[in-house]
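Chains as they are written, first to last, in the working numbering: chain A, 713 to 1103; chain B, 713 to 1103. Built from N, CA and C at the ideal position, the CB exists for glycine as well. Contents: one structure, followed by commentary.
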């Protein structure tokens, strides 16, 4: 046995040395390791080694104009460029460096979020606002099953979160939240940008939310899965090609307009209730979505008013007629949680929806936050309404 | 209904425009979209827009010296730098750009592999060698459950692949392959660099491999999960701190030397057989691992000779005594698949192991490939031995 162990140990060392060459955040030759980002109580320092760069800048999502506003970095010892800025308010931000005009990720930062097709370094500023955004002690399981859609004509990838304890309580059944992303997103948006697993893990661990399953589908009817899997998209008609749209049959138009929502309500819900230990009742089903997903949420509540007892459109586009609202009242909706940022470009629509719900006498929560059409709001909304579900 | 749809459509357009700003591979103002990488029959062109760069180079894992060898790129129209190189042999490669000395990912490429803490753009060159590395038509499910380890004192994250059809055949039970990563890797290494899901999906779809579950644990005893989750590592003794090691009790030393392998065999295997529809028999259990994971594979086969009927050390460090080999013979091992590259720095060890197995009369497959200690070999080995399992 000793001989094996010694051989094995030698190999470990050799392999470690080899792999070290692959790790950009490894310090060679006794050089001080570069730390980035480095947080203090009131500041954060970013560092990047760039030997031959002429200009290095920092771009961060907390800056007044995140698209164009940048901060110059200064060349220091060993060509490590750095800048120290005031610590932004507790939240999750993304940032990158501009090296002679080209966007570069921070090689020192292991925390990365995927936003559409990009991977961006993440800055989590600790505080009350973000206390549920880091890793909890007890972790749920994240999985990616594929369901078959007859409506959309393809197998499609889902993201499913099952809560801590799911594996150890094989008789227990759980309520389900269907959580929908916005335009530009996919089935990974909520789990990456939205920190769904962390938020639910923390809320459940603290006893603030019921243990629940969360299902995050891909809301782009022409996609089987996130573009990172490189599966060709399916050509589909759309409502903006007016000439072609006018020539379609009613069924074809419905597919274009409602295909995904119909797949969600008549294919994904049954798939989940067959393959997971889900309680198959309206009182144990919630639907929530941001932006385009908020539109999907409203559409689903109109097309299938009896399916979900909890309905949460977030920063959403969409509206409803008095008859449609009456149908929801009649179906016995337990929570209607309407949320929007007060500088969101869709805020006026949220105000109007709030007025309509009030007019029609549908009890609802109208949750208005500071800020606009951004992930900081959607994390806040999830962290808020998840505590109100299934109670 | 019409009113909803129109509102919704307007919003979709507005949101699309907003999100477009976030997508770096979106072409603005009628500029031609940049395509990178662009493959032809015999060449591949890489492109990067870099307005203010002085020197832009390409670094690729297929180049003669991937650590230091780079190829100059040339500035063209609109400051799009490009280079066209001969198409390398069919395989998966990673590459990046050096912009004035700083490594930059290709913003046009949606295919990305995670290697340790880095995300690198991926180049898949089509051909016979890689025909199972792209997406199949039928997809298995990838999940990340957490098991509790009493031995290592923490909850630990796993990657589990269940084959296509698992959800639709609720009575069917499956054999299980335990697939172990090397030093520098974690529970995501095989699924990302190793293309495990794609290889198994393709082999199973073609009827070349038995439908099986594949379990990919984290083999670093001090880690709960991949470093990208930022969970603090647990301080643990190690064998190279000789003074401290000498003072340990036998039990403490065993934990340091074999803690992970014991957790794998006595905690992970039961967890999988409880929570998945796994056949709980040696004839339905396989173990395989690369490099350090090959060492773990050999250790597991020595410590628990009756647990696995299929044993596949790949580019491995490790050896065994005549008695240990005899124990495997006695246990009735069905396949011993020993693989190594002929330029691997561990090749001599593989040769010696092959000689020992031959000497002791343990039937085995000795699979020698061209090349060294690299993922192209490990994908090839998985694609090869997976076809031999459970038959």
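query: State whether the stretch 782 to 795 of chain A contacts the stretch 850 to 870 of chain A, with contact taken as three or more CB pairs (one from each stretch) at a distance under 8 Å.; result: no
query: Under 6 Å Cβ to Cβ from residue 996 of chain A, same chain only, skipping five residues before and after it: list those, please.; result: 887
query: What is the DSSP secondary structure of residue 952 of chain B, counted as helix, strand or coil?; result: coil
query: I believe residue 1053 of chain A touches residue 893 of chain A by the beta-carbon criterion, under 8 Å. Please report the beta-carbon distance rounded to the nearest angstrom.; result: Their Cβ separation, rounded to whole angstroms, is 17 Å, which puts residue 1053 of chain A and residue 893 of chain A out of contact at 8 Å.
query: What do you get for residue 747 of chain B, buried or exposed, if any count of 16 or more other CB atoms within 10 angstroms of its CB means buried?; result: exposed
query: Assuming the contact rule is C-beta atoms closer than 8 Å, residue 1003 of chain B and residue 1032 of chain B should be a hit. Round their C-beta distance to whole Å, please.; result: Not confirmed; about 17 Å, so no contact.
query: Give a yes or no on whether the minimum CB-CB distance between residue 693 of chain B and chain A is below 8 Å.; result: Only positions 713 to 1103 of chain B appear in the structure, and residue 693 of chain B is not among them; the question remains open.
query: Using three-state DSSP, classify residue 990 of chain B as helix, strand or coil.; result: strand
query: With DSSP run on the structure shown, which of helix, strand or coil describes residue 910 of chain A?; result: helix
query: Name the DSSP beta bridge partners of residue 871 of chain B, please?; result: B:928
query: Should residue 1045 of chain B be flagged as near chain A, meaning a C-beta pair shorter than 8 Å?; result: no
query: What are the residues of the stretch 934 to 948 of chain A that lie near chain B, defined by any Cβ-Cβ distance shorter than 7 Å?; result: 939, 940, 941, 942 and 943
query: Which runs of the beta strand (DSSP E) at least 3 residues long sit entirely within the stretch 998 to 1029 of chain A? Give them in chain order.; result: 1022 to 1026
query: Opposite residue 947 of chain A in the DSSP bridges: which residues?; result: The partner list for residue 947 of chain A (beta bridge, DSSP) is empty, contrary to what the question assumes.
query: Measuring CB to CB, does residue 1101 of chain A end up less than 8 Å from residue 889 of chain A?; result: yes
query: Nearest-angstrom Cα distance between residue 840 of chain B and residue 950 of chain B?; result: 44 Å
query: How big is the Cα-Cα spacing for residue 912 of chain B and residue 947 of chain A?; result: 28 Å
query: Taking the alpha carbon of residue 861 of chain B as the point to measure from, which residue in B:959, B:937 and B:878 has its own alpha carbon closest?; result: B:937
query: Would you mind telling me which residues of chain D sit closer than 7 Å to residue 873 of chain B, beta carbon to beta carbon, in chain order?; result: Note that chain D does not occur in the displayed structure, where the protein chains are A and B.
query: Three or more C-beta pairs closer than 8 Å, one from the stretch 974 to 991 of chain B and one from the stretch 869 to 886 of chain B: is that the case here?; result: yes
query: What does the Cβ neighbour count give for residue 774 of chain A, buried or exposed, with the cut at 16 atoms within 10 Å?; result: buried
query: Going by Cα to Cα distance, which pick from A:1014, A:760 and A:752 is closest to residue 745 of chain A?; result: A:760
query: When Cβ atoms are compared, which residues of the stretch 762 to 779 of chain A fall closer than 9 Å to chain B?; result: 762, 763, 764, 765, 766, 767, 768 and 779
query: Leaving out the 5 sequence neighbours to the left and right, which residues in its chain are closer than 8 Å to residue 842 of chain B when beta-carbon positions are compared?; result: 802, 803, 804 and 836
query: Using the beta-carbon of each residue, which ones in chain A are nearer than 8 Å to residue 822 of chain B?; result: 829, 939, 940 and 942
query: Helix, strand or coil for residue 744 of chain B per DSSP?; result: coil
query: Please state whether DSSP places residue 1041 of chain A in a helix, a strand or coil.; result: helix
query: According to DSSP, which residues form a beta bridge with residue 921 of chain B?; result: Bridge partners of residue 921 of chain B: none, in fact.
query: Hey, would you say residue 1066 of chain B sits closer than 8 Å to residue 1078 of chain B, going by beta carbons?; result: yes
query: Quick check: is the beta carbon of residue 847 of chain A nearer than 8 Å to any beta carbon in chain B?; result: yes
query: Tell me the DSSP bridge mates of residue 769 of chain A?; result: A:784 and A:810
query: Pull up the CB-CB distance for residue 1112 of chain B and residue 1056 of chain B, whole angstroms please, since I reckon it's below 8 Å.; result: The question about residue 1112 of chain B has no answer, for chain B in this structure spans 713 to 1103.
query: Measure how close the beta-carbons of residue 962 of chain B and residue 929 of chain B come, nearest whole angstrom, since I'm counting them as under 8 Å.; result: Residue 962 of chain B to residue 929 of chain B, Cβ: 25 Å. No contact.
query: Contact check, residue 990 of chain B vs residue 1037 of chain B under 8 Å by CB: the rounded distance?; result: Not really, about 27 Å apart at Cβ, beyond 8 Å.
query: Only counting runs of 3 or more residues, tell me where the beta strand (DSSP E) segments fall wholly within the stretch 831 to 872 of chain A, in order along the chain.; result: 853 to 856, 858 to 861 and 866 to 869
query: Mind pulling the chain A residues with CB within less than 8 Å of residue 853 of chain B?; result: 855, 856, 857 and 858
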